[in-house]
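J.: Numbering (my numbering), first residue to last: 756 to 957.
Heads up, the beta-carbon is just placed ideally off N, CA and C, and yes, glycines get one too.
Computed from a prediction, not measured in an experiment: that's the story for all the values here.
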């Protein structure tokens with residue numbers, strides 16, 4: 756059984772929840788037209804990356820949750836499509852860099868980023884807490900795991916996903932570019948694929 760994965764290379768605008776949601780819907784329509792089973796959108800695709808001090812505003816986090824629920828309902832028009840959407844998630848006093856799987860009009864599951872970068876242009880530890888739990892889901896008999904960007908630059912999160920039964924790792928990211936980064940990224944990802952026997956979609 757073939758599972759087709761579409762990857763949305765979208766330019767989210769920080770803070771533009773409505774505009775970013777429209778972009779995701781446009782990519783979803785395109786994915787369905789191309790017979791995709793899964794659509795992967797970037798890290799924090801719903802809010803733009805990096806959202807930085809917007810994350811300190813409780814009203815923004817509430818609006819994000821409402822926008823995510825609305826997006827899930829709108830995506831119900833394509834009942835067979837699984838869509839991974841990046842967003843911040845508030846849980847009590849904690850905030851997480853998250854990816855949720857939207858399917859059938861519902862938020863089916865949410866993965867929290869494990870490895871938080873805190874150097875150069877990144878300061879995620881100021882805003883987010885980390886988690887240590889794998890999330891895996893099944894499409895047409897194939898088991899997919901979820902990581903987020905920095906998770907794949909380290910060993911723990913990919914290993915947890917593999918131990919949870921993942922055969923393919925989906926890793927939404929919003930990583931800035933610099934010279935030679937592509938070669939470095941390929942080397943690190945090749946290591947995971949070879950050591951864990953798990954395919955990888957970035």
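Keeping to the same chain, check which residues put their C-beta closer than 8 Å to that of residue 828; ignore five residues upstream and five downstream.
T.: Looking up residue 828 in the chain shown gives position 73. 860, listed in sequence order.
J.: Please list the terminal residues of the continuous alpha helix (DSSP H) segment that includes residue 777.
T.: Here residue 777 corresponds to residue number 22 of the chain shown, with the count starting at 1. Taken as a continuous stretch (DSSP letters only), the alpha helix (DSSP H) holding residue 777 covers 772–788.
J.: Terminal residues of the continuous alpha helix (DSSP H) containing residue 820?
T.: Translated into positions along the chain shown, residue 820 becomes position 65. 813–829 is the span of the alpha helix (DSSP H), which, as asked, contains residue 820.
J.: Does the Cβ-Cβ distance between residue 901 and residue 891 come in under 9 Å?
T.: In the chain shown, counting from the first residue as 1, residue 901 sits at position 146. In the chain shown, counting from the first residue as 1, residue 891 sits at position 136. Yes, Cβ-Cβ distance for residue 901 and residue 891 is below 9 Å.
J.: I'd like the list of long-range same chain contacts for residue 787, defined as Cβ closer than 7 Å, with 5 residues on each side in sequence excluded.
T.: Working through the chain shown from its first residue, we reach residue 787 at position 32. The answer, listed in chain order, is 833, 836.
J.: So within the stretch 898–950, which uninterrupted alpha helix (DSSP H) runs reach at least 4 residues, ignoring any that extend past its ends?
T.: Whole alpha helix (DSSP H) segments, 4+ residues: 911–918.
J.: Residue 908 and residue 954 look like a contact to me (Cβ under 8 Å); what is the Cβ gap, rounded to whole Å?
T.: Here residue 908 refers to the residue found at position 153 of the chain shown. Here residue 954 refers to the residue found at position 199 of the chain shown. Incorrect: roughly 18 Å between the Cβ atoms, too far for contact.
J.: When you compare each of 876, 842, 779 to residue 866 by their alpha carbons, which one comes out closest?
T.: Locating residue 866 in the chain shown gives position 111, counting from the first residue. Nearest option by C-alpha distance: 842.
J.: Considering only C-alpha positions, which residue in the set 807, 773, 805, 762 is nearest to residue 785?
T.: Locating residue 785 in the chain shown gives position 30, where the first residue counts as 1. It is 762 whose Cα lies nearest to the Cα of residue 785.
J.: Across the stretch 838–852 and the stretch 869–883, are there enough close Cβ pairs to call them in contact, namely three or more that are closer than 8 Å?
T.: Result yes; three or more Cβ-Cβ pairs closer than 8 Å.
J.: Mind checking residue 935: buried by the 16 CB within 10 Å criterion, or exposed?
T.: As a first step, residue 935 must be located in the chain shown, where it is residue number 180. Exposed: under 16 other Cβ atoms inside 10 Å.
J.: Rounded to whole angstroms, how far is the Cβ of residue 800 from the Cβ of residue 840, which I believe are closer than 8 Å?
T.: Walking along the chain shown from the start, residue 800 turns up at place 45. Walking along the chain shown from the start, residue 840 turns up at place 85. Yes, residue 800 and residue 840 are in contact; Cβ-Cβ is about 6 Å, under 8 Å.
J.: For the alpha helix (DSSP H) containing residue 879, name the first residue and the last one.
T.: Translated into the one-based positions of the chain shown, residue 879 becomes position 124. It spans 879–882 - the alpha helix (DSSP H) in which residue 879 sits, taken as one unbroken run.
J.: Contact defined as beta carbons within less than 8 Å: I believe residue 903 pairs with residue 926. What is the distance between those atoms, to the nearest angstrom?
T.: Sequence index remark: in the chain shown, residue 903 carries index 148 (1-based). Sequence index remark: in the chain shown, residue 926 carries index 171 (1-based). Yes, they are in contact, since the Cβ atoms of residue 903 and residue 926 sit about 7 Å apart, within 8 Å.
J.: If you draw a straight line from the alpha carbon of residue 824 to that of residue 810, how long is it in whole angstroms?
T.: Translated into the one-based positions of the chain shown, residue 824 becomes position 69. Translated into the one-based positions of the chain shown, residue 810 becomes position 55. Their backbone Cα atoms lie some 18 Å apart in a straight line.
J.: Quick check: the Cα distance between residue 775 and residue 803, rounded to an integer number of angstroms?
T.: Residue mapping note: residue 775 aligns to position 20 of the chain shown, counting from 1. Residue mapping note: residue 803 aligns to position 48 of the chain shown, counting from 1. Computed Cα separation, rounded: 8 Å.
J.: Judging by CA-CA distance, which residue of 872, 765, 928, 913 is the nearest neighbour of residue 854?
T.: Along the chain shown, read from residue 1 onward, the residue named residue 854 stands at position 99. Nearest C-alpha to residue 854: 928.
J.: By DSSP, does residue 955 sit in helix, in strand, or in coil?
T.: Locating residue 955 in the chain shown gives position 200, counting from the first residue. Three-state result, residue 955: strand.
J.: Which word fits residue 874, buried or exposed, when buried means at least 16 other C-beta atoms lie within 10 angstroms of its C-beta?
T.: Along the chain shown, read from residue 1 onward, the residue named residue 874 stands at position 119. Classification of residue 874: exposed, given that the 10 Å Cβ count is below 16.
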